[in-house]
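A short write-up of the structure that comes next.
There are 2 protein chains.
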Amino acid sequence: MHAAGTTLVSIAELQERVEAILGRAGLNPVQAGAVARVVVAGERDACASHGLYRIEGILRTVKAGKVEPGAEPVLVEGEAAGIVRVDARFGFTAPAVELGVPVLAERARRLGLAALVVNDGTHFSALWPEVELVTGQGLAAMVMCPSYATVAPSGGTRPLLGTNPFAFGWPRPGRAPYVFDFATSVAARGEVELHRRAGRALPEGWAIDAEGRPTTDPAAALAGAMLPFGGHKGSAIGTMIELLAGAMIGDLTSPEALERLGGTTLAPGHGEILLAFSPEAFAAGRPGDPFARAEGLFEAIVGQGARLPSQRRFAAREKAEAEGISLPAAEVARLDRFLALGLDAVA
Amino acid sequence: MHAAGTTLVSIAELQERVEAILGRAGLNPVQAGAVARVVVAGERDACASHGLYRIEGILRTVKAGKVEPGAEPVLVEGEAAGIVRVDARFGFTAPAVELGVPVLAERARRLGLAALVVNDGTHFSALWPEVELVTGQGLAAMVMCPSYATVAPSGGTRPLLGTNPFAFGWPRPGRAPYVFDFATSVAARGEVELHRRAGRALPEGWAIDAEGRPTTDPAAALAGAMLPFGGHKGSAIGTMIELLAGAMIGDLTSPEALERLGGTTLAPGHGEILLAFSPEAFAAGRPGDPFARAEGLFEAIVGQGARLPSQRRFAAREKAEAEGISLPAAEVARLDRFLALGLDAVA
Chain A
3 MHAAGTTLVS IAELQERVEA ILGRAGLNPV QAGAVARVVV AGERDACASH
53 GLYRIEGILR TVKAGKVEPG AEPVLVEGEA AGIVRVDARF GFTAPAVELG
103 VPVLAERARR LGLAALVVND GTHFSALWPE VELVTGQGLA AMVMCPSYAT
153 VAPSGGTRPL LGTNPFAFGW PRPGRAPYVF DFATSVAARG EVELHRRAGR
203 ALPEGWAIDA EGRPTTDPAA ALAGAMLPFG GHKGSAIGTM IELLAGAMIG
253 DLTSPEALER LGGTTLAPGH GEILLAFSPE AFAAGRPGDP FARAEGLFEA
303 IVGQGARLPS QRRFAAREKA EAEGISLPAA EVARLDRFLA LGLDAVA
Chain B
3 MHAAGTTLVS IAELQERVEA ILGRAGLNPV QAGAVARVVV AGERDACASH
53 GLYRIEGILR TVKAGKVEPG AEPVLVEGEA AGIVRVDARF GFTAPAVELG
103 VPVLAERARR LGLAALVVND GTHFSALWPE VELVTGQGLA AMVMCPSYAT
153 VAPSGGTRPL LGTNPFAFGW PRPGRAPYVF DFATSVAARG EVELHRRAGR
203 ALPEGWAIDA EGRPTTDPAA ALAGAMLPFG GHKGSAIGTM IELLAGAMIG
253 DLTSPEALER LGGTTLAPGH GEILLAFSPE AFAAGRPGDP FARAEGLFEA
303 IVGQGARLPS QRRFAAREKA EAEGISLPAA EVARLDRFLA LGLDAVA
C-alpha cells in the first residue's frame, strides 16, 4: 500500500523510534518522550520543517552542551493562584509544558483563566503542539515566546526582536481545534536560508541588509535583519512578546537569548507563556453557547471560500492516523544512523 | 499665547464643557463623566478622529435610541475569581470600564492575572484610554473588542470580521506607558471614507469590491469589504478577537453587532475583554527587575532609530498638560451649539 523504497510506520511506531534515538543521545525518559511527541506530531501533520528534520538540530544542541538532557522539570511552589510556573531546569521546553498543562487546566477552570510560565527551557518547535495540549482540555489558549534576535523593529536598522511566534487555539468539540501559529516576522529565517541555497532573490519587504537598507539578496538579509510582518503592527506584537514572555516572566529576551547562545544554528534557551481561558466560565450567565456560536463564525469564514488556519495540517493528520506515515528510504537510513551513532552522528 | 481666532482651554475646563454637553443630551452623570474623559483624552492627545469630533456620533447614537443614556453599569456577582464582569446595561462602555478596572487591578495583583469583561456596552472610542487605565495601576494590559462586520477574512469575499482593535500596554514607572492600539484591518474605515471624499484611489491591498475583487476605488471598497492587515496573520488575529471578545464572553460578534445596529454610521454595541497582568507576580523569584529590563528593550528600539508606538500622542499630551488645548473658533461654536440644542443639534 505504499510507494517502492518507502517504509510505512504507524504514529506509535515512529514515536518509539524517535524516543529511542533521543534516549541514545542522552535524553532522560521525560525529555525523550515529550520531545519525540513534538517531533512526531510535526511529521504526522506533514510540517516538513518541524518533523523528523528537527532531530539533527536537537542532537547538535545536546552535543554543544546548550541543553541539559537529564533535566527533570519541576512545578514551582508558592506562586500566585493564577500562575503555574514550571522550571524546565535548562532541559527542553516540551516536557515542562506537559507537566504544567494539567495544572494550568485545573486553575483555568476554577479561576476562569490562568497562565503557565515555563522558565529556563530550550525551544526548537512550533507552538501549535503546546496550543493543542490546552485546547485538548476544552480551553482556549494563547501562547507566545521570544526567540533569538534576528528581526529589526519597524523603522529600525538592526536585529533586536526574535521571530517571536504568536499562537492561539479554540477547542471545537468532536473535531480538530481552531489553531493559528505564526512568526511575527514576515518570513521564517529558514525560508530566507532556502532562498539563499536556491540562489533566488527574496520578495520585497522581507529584510534589510547590515546597513539597514532594504534588500532582496538572501545572503545580505542573513547578515542584516528580517522585518516584522504587517509593518509597525507586527513589530508592536513582537515587542509585546519580548515583554510578556521575556522581561515579565523573568526570562531571556531575544537579544539576551542570542547573546547566551552565541549564534542562530542551535535551539535557543528562553521562557514561554501560555494563557488558558475557560469559555464556560466566561460565558456563564450570558445567552448562547460559546462553542456553538464559534462554529457559526467558522462556517461563515469557510462559507465564503476562505480557509481556516491549520486545515492542511489537520488533513495530513487524518491521513497519517488512518494510513500511517510513509518514510523515504533515505529518512529511514538517517534515523538508523542516529540510533546507531548517537551524538557521534552530528557535527 | 495662542493664534487669533482660537480659544485656549485647560484639560479640566474642556472636560467640564464636554460633560455639560453630554448631560444636556440626556446622559446621566456616570455616563457623561466617563464618556467625556475618553473624548477629552483623544483631543488632548491630538487624535483628531477620536477627540471632540466624536461628540456628534455619540449624540446621534443617543438620538437613534441605540444606547441607554441613563444606564448605571453594575458589577456582576458570582463570577469565577479571575473574571470581573461589568454589565454596561446598554450604556456606553467607558463607565463600565471605569467601574471595573479597580476591581480588575486588585484581582490581578492577587492572582497574577485577571480579566475584565464588559457586556452590553456601546463603544465609540480607541482602546488606548482603557489600556492606560490598567497601566496606571502598574499592570500590563491586553485589550480587544469586536466592531461591526466590514472586513473580509483573508481569502474571503465578503464583510464578516470587524476592524477589531488589538491593544496592549506596559507600565513605565515615572513616565508614559508603552502602548499600542491598532485595527486588525489594513486601514480604518474612516480612512477609506476620507479617500472617497478626496476623490483619491486607495493603496493596493486595502479592500475588495462587492464581488470580492481587489479594488482601489474607495466607493467600491465601502460597498465591498476591507482587508485584514498582514494577510492571513491579521485575519487570524481578527478571528481570535471575535472568539475571545465575542463568542467566549457571551456577547455579540461583529456580524451580529452589524445586524443589530443595521448600519455602520452609529456606535456599535458589543462586549470587550481586558486582560491585566502583574509583572511583579510573574517575575517573582526570578532574576532581574521586569520594569528595568523592559526599559533596556525600549532603549534598544529607540537607539536604532525606530519609534515606540504612541510617542506622537504622548508628546501632544505633554504639550496640552503644560499649555492647554487650543480650540479653533468653529470648534467652540460647534460645542456651544451642542450645549444649546442638545439632541436637536444632530440629525
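Just so you know, the protein sequences line up as chains A and B, in that order.
Just so you know, we're using this note's numbering here: the first sequence kicks off at 3 and counts up by one.
Just so you know, we're using this note's numbering here: the second sequence kicks off at 3 and counts up by one.
Think of the CB as a built atom: it goes at the ideal place given N, C-alpha and C, for glycine as much as any other residue.
Do residue i and residue j have their C-beta atoms within less than 8 Å of each other?
i      : j      : result
A/L129 : A/P230 : no
A/G273 : A/V120 : yes
A/V41  : A/V20  : yes
A/A283 : B/A82  : yes
A/P148 : A/E244 : yes
A/V99  : A/R87  : no
A/G93  : A/Q33  : yes
A/S127 : A/A154 : no
A/G271 : A/T165 : no
A/G140 : A/P161 : no
A/G44  : A/L268 : no
Where does the unbroken alpha helix (DSSP H) through residue i begin, and where does it stop?
i      : result
A/L260 : S256 to L263
A/R336 : A331 to L343
B/F293 : P292 to G305
A/A43  : P31 to R46
A/L367 : Here chain A covers residues 3 to 349 and nothing more, so residue 367 of chain A does not appear.
B/A324 : Q313 to E325
B/L350 : The question about residue 350 of chain B has no answer here: the residues shown for chain B are numbered 3 through 349.
B/E282 : P281 to A285
A/V136 : W130 to T137
Under 8 Å between C-beta atoms, does residue i make it to chain B?
i      : result
A/A159 : For the sequence presented, residue 159 of chain A should be read as Thr rather than Ala. Interface residue, yes.
A/R295 : yes
A/A82  : yes
A/W208 : no
A/L113 : yes
A/L345 : no
A/L263 : no
A/L246 : yes
A/G271 : no
A/L299 : yes
A/I235 : Strictly speaking, residue 235 of chain A in this sequence is Lys, with Ile absent from that position. Chain B contact via Cβ: present.
A/F340 : no
A/D211 : no
A/R309 : yes
A/S156 : yes
A/L162 : yes
So residue i is in the beta strand (DSSP E); what residue range does that whole segment cover?
i      : result
B/E58  : First-last for B/E58: R56 to K65, but that is the alpha helix (DSSP H), not the beta strand (DSSP E).
B/W172 : F168 to R174
A/V88  : I85 to D89
B/V181 : R177 to F184
So residue i and residue j are in contact, right, with Cβ under 8 Å, and what is the actual spacing, rounded?
i      : j      : result
B/G236 : B/T186 : 5 Å
A/V145 : A/L276 : 5 Å
A/G7   : A/A331 : 5 Å
A/D211 : A/A222 : 4 Å
A/G158 : B/G298 : About 15 Å; that fails the 8 Å criterion.
Less than 8 Å between CB atoms is the rule here; does residue i satisfy it with respect to chain A?
i      : result
B/R315 : no
B/V119 : yes
B/I243 : no
B/H197 : no
B/M228 : no
B/Q139 : no
B/F182 : yes
B/R288 : yes
B/L16  : no
B/P330 : no
B/W172 : yes
B/D47  : no
B/G240 : no
B/G232 : yes
Name the one or two DSSP bridge partners that residue i has.
i      : result
B/I275 : B/V119 and B/M146
B/L163 : B/V153
B/A209 : B/T217 and B/M228
A/T8   : A/P330
A/T124 : A/F94 and A/G271
A/V76  : A/D89
A/S187 : A/P230
Whose Cβ in chain D lies nearer than 7 Å to the Cβ of residue i?
i      : result
B/M250 : The structure shown has no chain D; the protein chains it does contain are A and B.
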